[in-house]
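Asker: Sequence lines, in order, name chains G and Z. Residue numbering for the first sequence follows the UniProt record's numbering, starting at 1 and increasing by one per position. Residue numbering for the second sequence follows the UniProt record's numbering, starting at 1 and increasing by one per position. Backbone N, C-alpha and C define an ideal beta-carbon position, used for all residues, glycine too.
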Amino acid sequence: MESVDLLYKAIYILAIFGITLLIATYSTYFERKIAAFIQDRVGPNRAGPAGLLQPLADAGKLFFKEDFIPAKSNKALFILGPGVAMLVATMSSAVIPFGDRLIVGGHEIVLQAIEVNIGVLYIFGVVSLGVYGLMIGGWASNNKYSLLGAIRAASQNISYELAMGLSLIAVLMMTGSLSLREIAEQQAGFNWNIWYQPLGFIIFLVCAFAECNRTPFDLPESEAELIGGYHTEYGSMKLGMYLFAEYINIFVASAVMSTLYFGAYNFPFMENLRQAISDPILANNVVTLVGVVAMFTKIFLFIFFFMWVRWTLPRFRYDQLMKLGWKILIPLAILNIILTAGGILLKDYLF
Amino acid sequence: MEPLSNRRKQVEKKEMTFAERAYLPAIAQGLSITLKHFFKKKATIQYPEQTRERSSVWRGLHVLKRDEEGRERCTACGLCAVACPAEAITMTAGERKVGEENLYREEKYAVTYEVNMLRCIFCGLCEEACPKAAIFLQDDKIAPARFERDEFIYGKDRLVEPLKTTETK
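(1) Leaving out five residues before and five after ILE142/Z in sequence, what residues of the same chain have Cβ atoms less than 7 Å from its Cβ?
(2) Please look up how many angstroms separate the CB atoms of THR288/G and ARG101/G, rounded, as I've assumed it's under 8 Å.
(3) Name, please, each residue of chain Z whose Cβ falls closer than 7 Å to the Cβ of PHE37/G.
(4) Does the beta carbon of VAL309/G sit closer than 9 Å to a beta carbon anywhere in chain Z?
(5) Would the stretch 209-223 of chain G count as touching the stretch 64-82 of chain G if we require 3 or more Cβ pairs under 8 Å?
(6) Less than 9 Å between CB atoms is the rule here; does ASN45/G satisfy it with respect to chain Z?
(7) What are the start and end residues of each continuous beta strand (DSSP E) run of 3 or more residues lying completely inside the stretch 186-231 of chain G, in chain order?
(8) Tell me LEU64/Z's beta-bridge partners as DSSP assigns them.
(9) Whole angstroms are fine: how far does the CA of GLN39/G sit from the CA of SER236/G?
(10) Give the range of the alpha helix (DSSP H) segment to which GLU2/Z is assigned.
(11) Determine the direct distance from the alpha carbon of LEU147/G to that of MET241/G, and round the result to whole angstroms.
(12) Beta carbon of ILE203/G, beta carbon of SER167/G: below 9 Å?
(13) Could one say the Cβ of THR168/Z lies closer than 9 Å to chain G's Cβ atoms, at least one of them?
(14) Please name the residue in SER258/G, THR232/G, ASN249/G whose C-alpha comes closest to that of ARG181/G.
(15) Given this structure, state the Cα-to-Cα distance separating residue 354/G from ARG274/G, to the nearest angstrom.
(16) Just grab the DSSP bridge partners of HIS107/G for me.
(17) If you draw a straight line from the alpha carbon of LEU346/G to that of ALA10/G, how long is it in whole angstroms?
(18) Does DSSP put LYS169/Z in a helix, in a strand, or in coil?
(19) Determine the DSSP secondary structure at TYR8/G, reduced to helix, strand or coil.
(20) Kindly list the residues whose CB is nearer than 8 Å to the CB of ASN336/G, restricted to its own chain and excluding five residues on each side of it in sequence; keep chain order.
(21) Counting only beta-carbon atoms, is LYS42/Z nearer than 9 Å to chain G?
(22) For chain G, find out if any of its Cβ atoms is closer than 9 Å to the Cβ of THR51/Z; answer yes or no.
(23) On the criterion of 16 or more Cβ atoms from any shown chain inside 10 Å, does THR168/Z qualify as buried, or is it exposed?
(24) When you compare each of TRP326/G, ALA253/G, LEU239/G, ASP348/G to LYS61/G by their alpha carbons, which one comes out closest?
(25) Under 8 Å, CB to CB, which of the residues in the UniProt domain "4Fe-4S ferredoxin-type" (111-140) of chain Z have a partner in chain G?
(26) Residues of chain G with a CB under 7 Å from the CB of ILE27/Z: which are they?
(27) To which residues of the same chain is ILE27/Z closer than 8 Å at the C-beta, ignoring the five residues directly before and after it?
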């Protein structure tokens, strides 16, 4: 790898890191705004124009609060918990293709931090590490509510990861690749996976909600019964990191769903746009930039959907959660695999 | 058993249809309801900047009026205190001394005049009882929230209309 490439990679990774943090910060603002709008209120509007500086005010408040560590807790693990949650959350956006390639001065710049041929596995591995943050934090707090929250987080993640993986297998059978870039490229134009995998998408979506601990699956932190669950004992910026990690996870889950099912950076009439511009390099760059906008539009729509659902549905009961995971989603996912396999065989037979 | 009223209904436990068991149609319905509220006009009034419009007969905080020459109109006759159903008004009367003609309109005046805003029900009967047109419930002021009970007893310092100071400003 040339040094120019290395430099570009470093800049790109920093940019993605910054964008991830920025989106997570403003997710808190939009969460509150959307909650307010759905409940016929106006939401935060005092800090800055339309309340846009509210996240900064919140962060400032969290930074200046007392950084409290309970006396009977395991101090090292107590500090490690939110760190792990945050680290793992920020790691997962590395393999997501946010755009196709730009050509600048003869150099080809791929808009993806790391291109690995096992991108999907990487995401799954890193995301399932995320639950360690909650587990460690909940365990180290030495508090029964925290421990219950941590146990719930672990069992819920295990249950729903199965169905998630199985629903993903159907996609992998169609694309024949584990690389997120290849999956994205195969969905050129409007040939998105959602048209072939509606059932798989719904299963994946439900599991993504469960993996992100979002309502209706927010049992690990259910503030009504477990007074905050795994983060009961946390305060100050450690609590902030947990909440932040949750929003980053939402962002990553949205990005993964857009990539796997909604054509990543592809948009309808992409080729028409490419042919409409005579200069091939300019055409490529314009299409790529519009693609990046399309990708982020899809991500934002998914983030909005996450929040929209949160302010609509009540929380599941714990036995209902387990029943849905094991008795409904997993059989459905297996059915989806069989249907997909049948479809692929039929296509081979007919054409 | 004989029914006590004719409103008794036979309860039956129906088997849920597939659509009901699938849960997704109900979720879609719920989402559409919340989305409708998302675009609804908000009822919030941005209070300090914006105040709710009050009725034209709205009664606010009391004021003790002065006449055209800036003299207090109140003669401490006590009719307002008698009329007050909540017994919120107390006063002590005093005699005007020589040289105070520019302060009080008549020979008798109120040395103290107190309205307990925790007792007051803002009925406006004091306003109706006053023969000297001295007390009014103004329409632009309210008794604000305070921390101490003592602070709700409004004395003359807060009730009497301030002198019009148009000169030397």
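Answerer: Considering the structure as presented:
(1) As a first step, residue 142/Z must be located in the second sequence, where it is residue number 142. Counting only Cβ-Cβ distances below 7 Å, and skipping sequence neighbours, we find GLY60, LEU61.
(2) By 1-based counting over the first sequence, the position of residue 288/G is 288. By 1-based counting over the first sequence, the position of residue 101/G is 101. The pair is a contact, with the Cβ atoms about 6 Å apart (cut-off 8 Å).
(3) Walking along the first sequence from the start, residue 37/G turns up at place 37. Chain Z residues near PHE37/G: PHE38.
(4) As a first step, residue 309/G is located in the first sequence; it is residue number 309 there, counting from the start. Chain Z contact via Cβ: present.
(5) no
(6) Residue 45/G sits at position 45 when you count from the first residue of the first sequence. True, the Cβ-Cβ gap to chain Z drops below 9 Å.
(7) none
(8) Here residue 64/Z is taken as the residue at index 64 of the second sequence, counted from 1. Beta-bridge pairing links LEU64/Z to ILE135/Z, VAL160/Z.
(9) On the first sequence, residue 236/G is found 236 positions in, with the first residue counted as 1. On the first sequence, residue 39/G is found 39 positions in, with the first residue counted as 1. Roughly 28 Å separates the two Cα atoms.
(10) In the second sequence, the residue the question calls residue 2/Z occupies position 2. Run containing GLU2/Z: none; DSSP gives neither H nor E here.
(11) Sequence index remark: in the first sequence, residue 241/G carries index 241 (1-based). Sequence index remark: in the first sequence, residue 147/G carries index 147 (1-based). Computed Cα separation, rounded: 19 Å.
(12) One-based indexing of the first sequence puts residue 203/G at position 203. One-based indexing of the first sequence puts residue 167/G at position 167. Going by C-beta atoms, ILE203/G is nearer than 9 Å to SER167/G.
(13) Looking up residue 168/Z in the second sequence gives position 168. Note that THR168/Z scores 48 on pLDDT, short of 50, meaning its location in the model is unreliable; the coordinates nonetheless yield the value given after this. Output row for THR168/Z: interface = no.
(14) Working through the first sequence from its first residue, we reach residue 181/G at position 181. Nearest of SER258/G, THR232/G, ASN249/G to ARG181/G, Cα basis: SER258/G.
(15) In the structure as shown, chain G starts at 1 and stops at 351, and residue 354/G therefore has no counterpart that could be examined.
(16) Residue 107/G sits at position 107 when you count from the first residue of the first sequence. Partner(s): VAL104/G.
(17) The count along the first sequence starts at 1 and reaches residue 346/G at position 346. The count along the first sequence starts at 1 and reaches residue 10/G at position 10. Distance between the alpha carbons of LEU346/G and ALA10/G is about 46 Å.
(18) For this step, residue 169/Z is matched to residue 169 along the second sequence. Residue placement at LYS169/Z is poorly supported in this model, since its pLDDT is 39, which falls under 50; the coordinates still yield a value, given next. Looking at LYS169/Z - three-state DSSP - the assignment turns out to be coil, as it is neither helix nor strand.
(19) What you label residue 8/G is simply residue 8 of the first sequence in a count that begins at 1. If DSSP states are grouped into helix, strand and coil, TYR8/G belongs with the helices.
(20) Translated into positions along the first sequence, residue 336/G becomes position 336. Counting only Cβ-Cβ distances below 8 Å, and skipping sequence neighbours, we find LEU166, SER167, ALA170, GLN197, LEU199, GLY200, ILE203.
(21) Counting from 1 along the second sequence, the entry for residue 42/Z is found at position 42. Yes - at least one Cβ of chain G is within 9 Å of the one on LYS42/Z.
(22) Taking the first residue of the second sequence as position 1, residue 51/Z is located at position 51. For THR51/Z, the answer is no, since every Cβ of chain G falls outside 9 Å of its Cβ.
(23) Locating residue 168/Z in the second sequence gives position 168, where the first residue counts as 1. Because THR168/Z carries a pLDDT of 48, less than 50, the predicted location of this residue cannot be relied on, and the following value inherits that uncertainty. Exposed, because fewer than 16 other Cβ atoms sit within 10 Å of the Cβ of THR168/Z.
(24) For the purposes of this step, residue 61/G is taken as residue 61 along the first sequence, with counting starting at 1. Out of TRP326/G, ALA253/G, LEU239/G, ASP348/G, LEU239/G has the C-alpha closest to the C-alpha of LYS61/G.
(25) none
(26) Along the second sequence, read from residue 1 onward, the residue named residue 27/Z stands at position 27. Neighbours of ILE27/Z on chain G, chain order: LEU313.
(27) Along the second sequence, read from residue 1 onward, the residue named residue 27/Z stands at position 27. Excluding positions up to five away in sequence, the list is empty.
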